[in-house]
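Residue numbers (the working numbering): 55 to 117.
Structure first, commentary second.
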């Protein structure tokens with residue numbers, strides 16, 4: 055998966071899991087959804103960091 059697409063996917067999943075967690079009727083389900091949301095936010099951050107690093111390397115090669 056392309057990094058930008060990967061980051062967008064994880065951001066969307068994080069928001070969906072957050073929404074599900076806030077609507078959950080049990081504490082166990084709420085906790086599980088919030089953990090998944092956190093996981094996807096972290097993966098989005100990592101993907102975006104990789105994208106920025108690739109951009110910086112590309113600029114350095116052009117110089």
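No residue lacks a Cβ here, since even glycine has one placed at the ideal position from N, Cα and C.
Whole-angstrom distance between residue j and residue i, CA atom to CA atom
i           : j           : result
residue 101 : residue 85  : 24 angstroms
residue 47  : residue 109 : With the chain represented from 55 up to 117, any question about residue 47 goes unanswered, as that position is not in the structure.
residue 88  : residue 99  : 17 angstroms
residue 107 : residue 61  : 14 angstroms
residue 103 : residue 59  : 13 angstroms
residue 105 : residue 75  : 29 angstroms
residue 82  : residue 115 : 50 angstroms
residue 77  : residue 66  : 17 angstroms
Pick from the options that is closest to residue i, judged by C-alpha positions
i          : options             : result
residue 63 : 107, 104, 87 and 97 : 97
**Item:** Given 8 angstroms, three or more beta-carbon pairs between the region 87 to 101 and the region 62 to 79
**Value:** yes
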